[in-house]
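Student: Please see the structure below; I have some questions.
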Amino acid sequence: MVLPPEHDDLARLTGVLAVALWLALLSAGALLLRRRWPGQREWSRKLVHIGAGPVVLIAWAFGVERLIAVPAAAAITLLAALNHRVRVLPAIEDVERHSYGTVAYGASITLLLWLWWPAHPDTVAAGVLVMAFGDGLAGLLGPLIPSPSWTVFGERRSLAGTAAMGIASLLVLLALGLLGGGPAPASIALIALVATGLEQWALLGIDNISVPLAVAGLWRVLS
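In this text, residue positions in the sequence shown follow this note's numbering: the first is 56, and each later residue adds one.
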């Protein structure tokens, strides 16, 4: 059955509204988390970091167009850069260490959308979701679980955080492979290993660019 054009337009509009609603709820959740636990400034930031990932799945499910997705991601990245300077939303950016991770995260999502959206949404999702869940959980669990630790270019890394990154990346990519095809399981394991290695070098938040781009590139090549 061929659906009328009006149906497609309605689906795209619904997708845009769903993304906007998700982001609004995410921002509200981060603000509430900051007020409830003001001493845990990293928690609200990680909530946004992890919660931003599913936006790609929402856009994929509703068929959000490139002309909407790319400019929207670029605009959010510019707002993140402004927030980095003036701290309008400290729940997203106010952390003890000096990092451009939030801006780099938005820039990498924008670049992935520009390169592969909507022709290869699974490729975009691979890069974004590994960064969202893998790096996000590593940042949360690493400080909470006592384990051996080391420093890489002045950034602390731990066995618990590294394990969380590797396991989360592997599970996310395997699930994505079941959802939309993709590389063989052995190749997925290799991608997760590369992502875990790149996450070790996080000076100034550079892993927010290196990990998504490397994961997406390998996913596309090995598919």
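Each residue gets a CB set at the ideal place from its N, CA and C atoms; glycine is no exception.
Assuming Thr157 contacts Ala135 under a Cβ cut-off of 8 Å, what Cβ separation, rounded to an integer in Å, is found between them?
Tutor: Along the sequence shown, one-based indexing puts residue 157 at 102. Along the sequence shown, one-based indexing puts residue 135 at 80. Right, the Cβ-Cβ distance comes to about 5 Å (below 8 Å), so this counts as a contact.
Student: Mind checking which residues open and close the alpha helix (DSSP H) that includes Trp98?
Tutor: Locating residue 98 in the sequence shown gives position 43, counting from the first residue. Looking at the DSSP string, the run of the alpha helix (DSSP H) that includes Trp98 is Arg96 to Gly106.
Student: Could you please give me the residues that DSSP links to Thr206 through a beta bridge?
Tutor: Looking up residue 206 in the sequence shown gives position 151. Paired residues: Arg211.
Student: I need the DSSP call for Ala160, collapsed to helix, strand or coil.
Tutor: Here residue 160 refers to the residue found at position 105 of the sequence shown. The question names Ala, but residue 160 is Tyr in the sequence shown. Of the three classes helix, strand and coil, the one that applies to Tyr160 here is helix, per DSSP.
Student: What do you get for Phe188, buried or exposed, if any count of 16 or more other CB atoms within 10 angstroms of its CB means buried?
Tutor: Here residue 188 corresponds to residue number 133 of the sequence shown, with the count starting at 1. So Phe188 ends up on the buried side.
Student: Going by alpha carbons, who is nearest to Pro203 out of Ala218, Leu195, Val103 and Gly209?
Tutor: The residue given as residue 203 occupies position 148 in the sequence shown. Selected option, being the one with the closest Cα: Ala218.
Student: Using 10 angstroms around the beta-carbon of Ile264, count the other beta-carbons present and answer buried if the total reaches 16, otherwise exposed.
Tutor: Within the sequence shown, residue 264 is the residue found at index 209, counting from 1. Buried.
Student: What's the call for Pro176, buried or exposed, on a 16-neighbour Cβ count within 10 Å?
Tutor: Position 121 of the sequence shown, counting from 1, holds the residue named residue 176. Pro176 comes out buried.
Student: If we ignore side chains and look at the alpha-carbon of each, how far apart do Val71 and Ile123 end up?
Tutor: The residue given as residue 71 occupies position 16 in the sequence shown. The residue given as residue 123 occupies position 68 in the sequence shown. Near 8 Å, if we compare the C-alpha coordinates of Ile123 and Val71.
Student: Quick check on DSSP: helix, strand or coil for Ala146?
Tutor: By one-based count along the sequence shown, residue 146 stands at place 91. Reliability fails at Ala146, whose pLDDT of 49 lies under 50, so the model's placement of it is uncertain and no value is given.
Student: What residues in its chain sit with their C-beta under 6 Å from that of Arg197, if we drop five residues either side in the sequence?
Tutor: Taking the sequence shown and counting its residues from 1, the one referred to as residue 197 is at position 142. It is worth fixing the name first, because residue 197 is Gly in this sequence and not Arg. Counting only Cβ-Cβ distances below 6 Å, and skipping sequence neighbours, we find Ser213, Ala215 and Gly216.
Student: Given that a residue counts as buried once 16 or more other Cβ atoms are within 10 Å of its Cβ, and exposed if not, what is Pro238?
Tutor: By 1-based counting over the sequence shown, the position of residue 238 is 183. Its Cβ being crowded by 16 or more others within 10 Å, Pro238 is buried.
Student: Mind the definition here: the segment 168-185 touches the segment 255-274 only if three or more C-beta pairs lie below 8 Å; say whether that holds.
Tutor: Short answer: they touch.
Student: Assuming Leu78 and Val125 make a contact with CB atoms under 8 Å, what is their CB distance in whole Å?
Tutor: Residue numbering aside, residue 78 sits at position 23 when the sequence shown is read from its first letter. Residue numbering aside, residue 125 sits at position 70 when the sequence shown is read from its first letter. Incorrect: roughly 16 Å between the Cβ atoms, too far for contact.
Student: Going by DSSP in three states, Gly118 sits in which element: helix, strand or coil?
Tutor: By one-based count along the sequence shown, residue 118 stands at place 63. Of the three classes helix, strand and coil, the one that applies to Gly118 here is coil, per DSSP.
Student: Rounded to whole angstroms, what's the CA-CA distance from Ile113 to Glu120? Just pull it up for me.
Tutor: On the sequence shown, position 58 is the one that residue 113 refers to. On the sequence shown, position 65 is the one that residue 120 refers to. Distance between the alpha carbons of Ile113 and Glu120 is about 12 Å.
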